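Enquirer: Heads up: the sequence shown begins at 87 in our numbering, then just goes up one per residue. We treat Cβ as the ideally placed atom computed from N, Cα and C, and that holds for glycine. Just so we're clear, the structure is a prediction, and the values are computed from it rather than from any experiment. Dropping a structure here in structure tokens format, bear with me for questions.
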Amino acid sequence: MSSRKDKKALSMKDALEEITHSQKALKKTTKEKRGYDFRDWLWSYPVNFERAFKKSSPLSFILLFVLIAFGIFTFLTSELFANVFFPKKKNVFVEGNVGAISTFNPLFISQNPVDSDIQALVFEKFIDISNEGDPLPKIATDWKQSEDGVTYDFTISQDHVWQDSEPLTIDDILFTFEVSKELAQKLNYDTVGIPLVDVAIEKISDTELRFTLPERNATFFEAISIYIVPKHRFEDIRLEDIPFDSFAKFPLGSGPFEVYRSEPNVVYLRASEYYKPIPKIQTFIYRLYSDYSSLEAAFRNGILDAIGGTDAASMGYISEYSGYSVYSETIYPRVKMIFFNTRTEKYKSRDIRLALNLLIDKDRLLQEANLIGEPAYGPIPESSWAYSEKETQKHLFNQQKASELLKNIGYTKNEESGYFETEDRKILNLTLSYYECSLNTRLVNTLKDILFEEGIILELEPLTYTQLTQEIVATRDFELLLFEIETTIDPDQYNLWHSLKSDYPDLNISGYSYERIDILLEEARRTIAREKRTESYALFQKYFTQDMPVIFLYYPNYTYIVRSTIDIPEMPHFVYPCQRFENISSWSY
Numbered sequence: 087m088s089s090r091k092d093k094k095a096l097s098m099k100d101a102l103e104e105i106t107h108s109q110k111a112l113k114k115t116t117k118e119k120r121g122y123d124f125r126d127w128l129w130s131y132p133v134n135f136e137r138a139f140k141k142s143s144p145l146s147f148i149l150l151f152v153l154i155a156f157g158i159f160t161f162l163t164s165e166l167f168a169n170v171f172f173p174k175k176k177n178v179f180v181e182g183n184v185g186a187i188s189t190f191n192p193l194f195i196s197q198n199p200v201d202s203d204i205q206a207l208v209f210e211k212f213i214d215i216s217n218e219g220d221p222l223p224k225i226a227t228d229w230k231q232s233e234d235g236v237t238y239d240f241t242i243s244q245d246h247v248w249q250d251s252e253p254l255t256i257d258d259i260l261f262t263f264e265v266s267k268e269l270a271q272k273l274n275y276d277t278v279g280i281p282l283v284d285v286a287i288e289k290i291s292d293t294e295l296r297f298t299l300p301e302r303n304a305t306f307f308e309a310i311s312i313y314i315v316p317k318h319r320f321e322d323i324r325l326e327d328i329p330f331d332s333f334a335k336f337p338l339g340s341g342p343f344e345v346y347r348s349e350p351n352v353v354y355l356r357a358s359e360y361y362k363p364i365p366k367i368q369t370f371i372y373r374l375y376s377d378y379s380s381l382e383a384a385f386r387n388g389i390l391d392a393i394g395g396t397d398a399a400s401m402g403y404i405s406e407y408s409g410y411s412v413y414s415e416t417i418y419p420r421v422k423m424i425f426f427n428t429r430t431e432k433y434k435s436r437d438i439r440l441a442l443n444l445l446i447d448k449d450r451l452l453q454e455a456n457l458i459g460e461p462a463y464g465p466i467p468e469s470s471w472a473y474s475e476k477e478t479q480k481h482l483f484n485q486q487k488a489s490e491l492l493k494n495i496g497y498t499k500n501e502e503s504g505y506f507e508t509e510d511r512k513i514l515n516l517t518l519s520y521y522e523c524s525l526n527t528r529l530v531n532t533l534k535d536i537l538f539e540e541g542i543i544l545e546l547e548p549l550t551y552t553q554l555t556q557e558i559v560a561t562r563d564f565e566l567l568l569f570e571i572e573t574t575i576d577p578d579q580y581n582l583w584h585s586l587k588s589d590y591p592d593l594n595i596s597g598y599s600y601e602r603i604d605i606l607l608e609e610a611r612r613t614i615a616r617e618k619r620t621e622s623y624a625l626f627q628k629y630f631t632q633d634m635p636v637i638f639l640y641y642p643n644y645t646y647i648v649r650s651t652i653d654i655p656e657m658p659h660f661v662y663p664c665q666r667f668e669n670i671s672s673w674s675y
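See the structure below:
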């Protein structure tokens, strides 16, 4: 009995052990089978991957495209790409800017900073103008003036040489002045010769040139501060063909650098062996980008030694990097403003012009539009010797006064709608034309918001540069126009506001006409003594700011960022951005 129980118990124990052993064996077999299945899947992964890829379509295609695009972007923005495709060479300086080429021919007036940069590198001026507005020697080394102030005799240096090894002579200088006058008079081109059309120019000797003016003109030195071009380069070219000649893209000058290759988005220059002193930088590559985002990408790639521009907010990424020097100057000769078309009935009224000036807080505009610069309030900047703080009415933000002025012309604030309206409920509506770029877009959208808060609707008309110049500026067909004007260091404002200068290509874009202003501008030109000119310009500022045919917005800052490995003994104080190259011969690695 006992042995039967033991046998039964033993059998139960064995049975349990057998079950446990079977379960372990099953788990092991299952695990091994899974291992074999995974290895089998890997072995046939091309087929399995294709099946899975097709099954998850179209998401799989999108994912694949994103991965490929990300890989390409990562490579293009890598230092490896920059070093392989854009290797840095010793004595090669690469600068990047936003903009486009129009013409490098300095006979033609250009508001394009790209043109000004290349011209400053390639050419030399007859005389220079200091930041205070005084004449300085350049190709002309000395001069004397007659007592009546209408005759000037200049002595020129014979040490200047063209980049093709030909000597620069007085005949080149005479040719430059005469052909620029002819292009303006005979073909109506906007040239540097326009201010000299009534000036007689004659060769006295191989080193002396005489200018005879019809009357005294305080702006004469500014008028002759132009780049000289080689006569022998144009001798076989008809006058009407000069604007279209290859010289516009492949100029020949006597400056520190010569252009040896020119493409739509890059200009290659090399140091001229005929310029003294010969630049230490052997090659200068000037790259152009369509916008600040493209400029940023190039900078991050490490292919640029320097970048520059007036939209400092779009270059804020420089703070992420060390090893760069930053130079910044307010460009007072450049002012961004809104022109009223005073030819139209709407803006003949001074009240609407003053009211709109009073409704724009310039400091707020700059801050909210993320613009770097100084607010502008009148026709002459505070940096000028001719500025009159006493006579300039700044028209600071004043809602109450603006409302009173608008009421004078039939617009009152509707408390329900919040808009300025006429009695028949017509809302005050304005249209602003402007060149479309990232900076201007920020500016006009901020301006639109500010005026909307005040109860005025501002409609925006974005334009390409060609549309702006050919369809708006040339025809004077606009209501309001946002435009940036470059003036001279001299405070002369004749071309901007004299009634005789209201047609294209002159710059009285507003069509402004005020006899008192005309007289003061004429007096200031005829007067040589600075003290008397100051008196004329003080009255000019008084009457002009009482009338305000424009809304002055701001003077932009130009920011120049240079790799610290570039040795610049001293960055010049520049009034115009192109003046940063004044001592470029001394720059080195």
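Buried or exposed for F124, please, with buried defined as at least 16 other CB atoms from any protein chain shown within 10 angstroms of its CB.
Expert: As a working mapping, residue 124 is identified with position 38 in the sequence shown. Because F124 sits at a pLDDT of 49, beneath the cut-off of 50, its placement in the model cannot be relied upon, and the point is left open.
Enquirer: Specify whether the stretch 306–319 and the stretch 278–287 touch according to this definition: at least 3 beta carbon pairs, one from each stretch, less than 8 Å apart.
Expert: yes
Enquirer: Quick one: what's got a C-beta closer than 7 Å to F678's C-beta in the same chain, skipping five residues either side?
Expert: Only positions 87 to 675 of the chain appear in the structure, and residue 678 is not among them; the question remains open.
Enquirer: Return the CA-CA distance between D578 and A155, expressed in angstroms with no decimal places.
Expert: Here residue 578 is taken as the residue at index 492 of the sequence shown, counted from 1. Here residue 155 is taken as the residue at index 69 of the sequence shown, counted from 1. Cα-Cα distance, rounded: 55 Å.
Enquirer: Alpha carbon to alpha carbon, what distance is there between I280 and S340?
Expert: One-based indexing of the sequence shown puts residue 340 at position 254. One-based indexing of the sequence shown puts residue 280 at position 194. If I take the Cα positions, the gap works out to 24 Å.
Enquirer: Answer yes or no: do L440 and L491 have a C-beta to C-beta separation smaller than 9 Å?
Expert: Counting from 1 along the sequence shown, the entry for residue 440 is found at position 354. Counting from 1 along the sequence shown, the entry for residue 491 is found at position 405. Yes, these two residues count as a Cβ contact at 9 Å.
Enquirer: Does the count of Cβ pairs from the stretch 610–617 and the stretch 424–432 closer than 8 Å reach three?
Expert: no
Enquirer: Roughly how far, in whole angstroms, is the beta-carbon of D239 from the beta-carbon of I290, given that I think they are within contact range, below 8 Å?
Expert: Counted from its first residue, the sequence shown places residue 239 at position 153. Counted from its first residue, the sequence shown places residue 290 at position 204. About 7 Å separates the two Cβ atoms, so the contact holds.
Enquirer: Applying the criterion that 16 or more other CB atoms from any shown protein chain within 10 Å of the CB defines a buried residue, is N191 buried or exposed?
Expert: What you label residue 191 is simply residue 105 of the sequence shown in a count that begins at 1. Counting the other CB atoms within 10 Å of its CB gives N191 a total of 16 or more, which places it among the buried residues.
Enquirer: Quick one: using the 10 Å Cβ neighbour count with 16 as the cut-off for buried, is E539 buried or exposed?
Expert: Within the sequence shown, residue 539 is the residue found at index 453, counting from 1. Result: exposed.
Enquirer: Which of the three DSSP states is assigned to R324 in this structure?
Expert: Within the sequence shown, residue 324 is the residue found at index 238, counting from 1. Coil.
Enquirer: What is the rounded straight-line gap between the Cα of L533 and the Cα of A334?
Expert: Here residue 533 is taken as the residue at index 447 of the sequence shown, counted from 1. Here residue 334 is taken as the residue at index 248 of the sequence shown, counted from 1. If you take the alpha carbons of L533 and A334, they lie about 38 Å apart.
Enquirer: Helix, strand or coil, according to DSSP, for V661 in the structure here?
Expert: Taking the sequence shown and counting its residues from 1, the one referred to as residue 661 is at position 575. V661 falls in the coil class under three-state DSSP.
Enquirer: Which residues in the same chain have their Cβ closer than 7 Å to the Cβ of L529, if we skip the five residues on either side of it in sequence?
Expert: In the sequence shown, residue 529 corresponds to position 443, counting from 1. So the qualifying residues of the chain are A455 and L457.
Enquirer: Taking the continuous beta strand (DSSP E) assigned at F179, which residues delimit it?
Expert: To locate residue 179, count along the sequence shown from 1; it is residue 93. Start and end: V178 to V184.
Enquirer: Q579 CB to nearest chain D CB: under 9 Å?
Expert: Of the chains in the structure shown, none is chain D; there is only one protein chain.
Enquirer: Which residues in the same chain as R429 place their Cβ atom closer than 6 Å to its Cβ, once the five residues preceding and following it in sequence are excluded?
Expert: As a position in the sequence shown, residue 429 is number 343, starting the count at 1. Same-chain partners within the cutoff: G597.
Enquirer: Evaluate contact between the stretch 384–398 and the stretch 645–663, counting only Cβ atoms and requiring at least three cross-stretch pairs below 8 Å.
Expert: yes
Enquirer: I believe P221 touches G459 by the beta-carbon criterion, under 8 Å. Please report the beta-carbon distance rounded to the nearest angstrom.
Expert: Locating residue 221 in the sequence shown gives position 135, where the first residue counts as 1. Locating residue 459 in the sequence shown gives position 373, where the first residue counts as 1. In fact, because the Cβ distance is near 29 Å, the residues do not count as touching under 8 Å.
Enquirer: Let me know if S400 comes out buried or exposed under the rule of 16 or more other beta-carbons within 10 Å of its beta-carbon.
Expert: Counted from its first residue, the sequence shown places residue 400 at position 314. So S400 counts as buried.
Enquirer: Figure out for me which residue from G235, Y497 and N515 has the closest Cα to the Cα of I543.
Expert: One-based indexing of the sequence shown puts residue 543 at position 457. Per the Cα distances, N515.
Enquirer: Could you pull out every residue in the same chain whose Cβ sits closer than 7 Å to the Cβ of E382, ignoring the five residues on either side in sequence?
Expert: Walking along the sequence shown from the start, residue 382 turns up at place 296. The answer, listed in chain order, is Y403.
Enquirer: Could you check what DSSP says for K480 in three-state terms: helix, strand or coil?
Expert: Mapped onto the sequence shown, residue 480 falls at position 394. For K480, the secondary structure class from DSSP, reduced to helix, strand or coil, is coil.
Enquirer: Note down the Cα distance separating S474 from P300, rounded to an integer number of angstroms.
Expert: For the purposes of this step, residue 474 is identified with residue 388 of the sequence shown, where counting begins at 1. For the purposes of this step, residue 300 is identified with residue 214 of the sequence shown, where counting begins at 1. Roughly 30 Å between the two C-alpha positions.
Enquirer: Using the Cβ count rule (16 or more neighbours within 10 Å means buried), how would you classify K141?
Expert: Taking the first residue of the sequence shown as position 1, residue 141 is located at position 55. The Cβ neighbour count for K141, taken over all protein chains shown within 10 Å, is under 16; the residue is labelled exposed.
Enquirer: So, using beta-carbon positions, are Y629 and L593 closer together than 9 Å?
Expert: Walking along the sequence shown from the start, residue 629 turns up at place 543. Walking along the sequence shown from the start, residue 593 turns up at place 507. Not closer than 9 Å, so no.
Enquirer: Whole angstroms is fine: what's the gap from Q556's alpha carbon to Y346's?
Expert: Taking the sequence shown and counting its residues from 1, the one referred to as residue 556 is at position 470. Taking the sequence shown and counting its residues from 1, the one referred to as residue 346 is at position 260. Using only the alpha carbons, I get a separation of about 31 Å.
Enquirer: Between F569, Q485 and N500, which has its C-alpha nearest C523's C-alpha?
Expert: Counted from its first residue, the sequence shown places residue 523 at position 437. Measuring C-alpha to C-alpha distances from C523 to each of F569, Q485 and N500 identifies F569 as the nearest.
Enquirer: Pop quiz: P658 and Y644 are said to be a contact at Cβ under 8 Å. What is the actual Cβ separation, rounded to whole angstroms?
Expert: Position 572 of the sequence shown, counted from the first residue, corresponds to residue 658. Position 558 of the sequence shown, counted from the first residue, corresponds to residue 644. So it is not a contact: roughly 13 Å between Cβ atoms.
Enquirer: Whose C-alpha, out of L260, I637, S599 and F483, is nearest the C-alpha of R225?
Expert: To locate residue 225, count along the sequence shown from 1; it is residue 139. The identity of residue 225 in the sequence shown is Ile, whereas the question assumes Arg. The option with the nearest alpha carbon to I225 is L260.
Enquirer: Helix, strand or coil for I154? Go by DSSP, reduced to three states.
Expert: The count along the sequence shown starts at 1 and reaches residue 154 at position 68. Under the three-state reduction of DSSP, I154 is assigned to helix.
Enquirer: What are the residues that DSSP puts in a beta bridge with K230?
Expert: Locating residue 230 in the sequence shown gives position 144, counting from the first residue. According to DSSP, which records beta bridges pairwise, K230 is partnered with D239.
Enquirer: My understanding is that T237 touches R296, with C-beta atoms under 8 Å, so please give their C-beta distance in whole angstroms.
Expert: Indexing the sequence shown from 1 puts residue 237 at position 151. Indexing the sequence shown from 1 puts residue 296 at position 210. About 7 Å; that satisfies the 8 Å criterion.
Enquirer: Going by C-alpha to C-alpha distance, which of Y433, T227, T416 and I323 sits closest to F564?
Expert: For the purposes of this step, residue 564 is taken as residue 478 along the sequence shown, with counting starting at 1. For the residues Y433, T227, T416 and I323, the minimum Cα distance to F564 belongs to Y433.
Enquirer: Starting from E609 and walking both ways along the alpha helix (DSSP H), at which residues does that stretch end?
Expert: Taking the first residue of the sequence shown as 1, we reach residue 609 at position 523. Its alpha helix (DSSP H) spans residues E601 to R612.
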